[in-house]
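A.B. asks: In our numbering, the protein residues as written are 1445 to 1555.
Here a beta-carbon is modelled for each residue, glycine too, at the ideal position from N, C-alpha and C.
This one's a predicted model, so the numbers in the text were calculated from it and none came from an experiment.
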Amino acid sequence: METKHTGREVPHEQLRWRLDQTTLPFETTNDIEPLKDIIGQKRGVEAFRFGMGINKEGYNVFVTGVSGSGRLATVKKLLEKISHMNGKVPDDLCYVNNFNNPEAPILLRFG
């Protein structure tokens, strides 16, 4: 014998939670001071710092992530911290094609 379960109907207004904005301690997000730390990327930050500490030819740091994930802002922030710690601003680097050996691009330094 089958047991028939009856559910209750939920109005669509109750299917989505809505924040009561009067509970927030600010008027707009412009009132909030930006975070100084990078959130949720502990291993990535450690790997980046480790990679930046290797000052040998042929070692590079490659940063990847989905669009809008904050890669550029994170790298800039970390490089600023590193440059303040050791007192020097790193050169700008640009790799260009090496037509004689395409597997080994040429590094240009601008400082």
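In chain order, what residues of the same chain have a beta carbon less than 7 Å from the beta carbon of residue 1475, not counting five sequence neighbours either side?
C.D. replies: There are no such residues.
A.B. asks: Decide yes or no for the touch test of the segment 1456-1470 against the segment 1486-1501: beta carbon pairs closer than 8 Å, at least 3 of them.
C.D. replies: In short, these stretches do not touch, since the Cβ pair count stays below three.
A.B. asks: Whole beta strand (DSSP E) runs in the segment 1457-1535 with 3 or more residues, listed along the chain?
C.D. replies: For the segment 1457-1535, not a single whole beta strand (DSSP E) run of length 3 or above is found.
A.B. asks: Does residue 1553 come out as helix, strand or coil in the three-state DSSP assignment?
C.D. replies: DSSP places residue 1553 in strand when its eight states are reduced to three.
A.B. asks: Looking only at its chain, what residues have a beta carbon closer than 8 Å to the beta carbon of residue 1552, apart from the 5 residues adjacent to it on each side?
C.D. replies: Answer for residue 1552: 1537, 1538, 1539, 1540, listed in chain order.
A.B. asks: Have a look at residue 1550 and residue 1524 and give me their C-alpha separation to the nearest angstrom.
C.D. replies: Answer to the nearest angstrom: the Cα atoms are 25 Å apart.
A.B. asks: Could you tell me the distance, in whole angstroms, from the CA atom of residue 1504 to the CA atom of residue 1471?
C.D. replies: Looking at the two C-alpha atoms, the distance is approximately 44 Å.
A.B. asks: Determine the direct distance from the alpha carbon of residue 1502 to that of residue 1509, and round the result to whole angstroms.
C.D. replies: Taking the straight line joining both Cα atoms gives about 23 Å.
A.B. asks: When you compare the CB positions of residue 1489 and residue 1483, do they come within less than 7 Å of one another, or not?
C.D. replies: No, the pair does not count as a contact, with Cβ atoms beyond the cut-off.
A.B. asks: Considering only DSSP beta bridges, list what residue 1540 is partnered with.
C.D. replies: The partner list for residue 1540 (beta bridge, DSSP) reads 1550.
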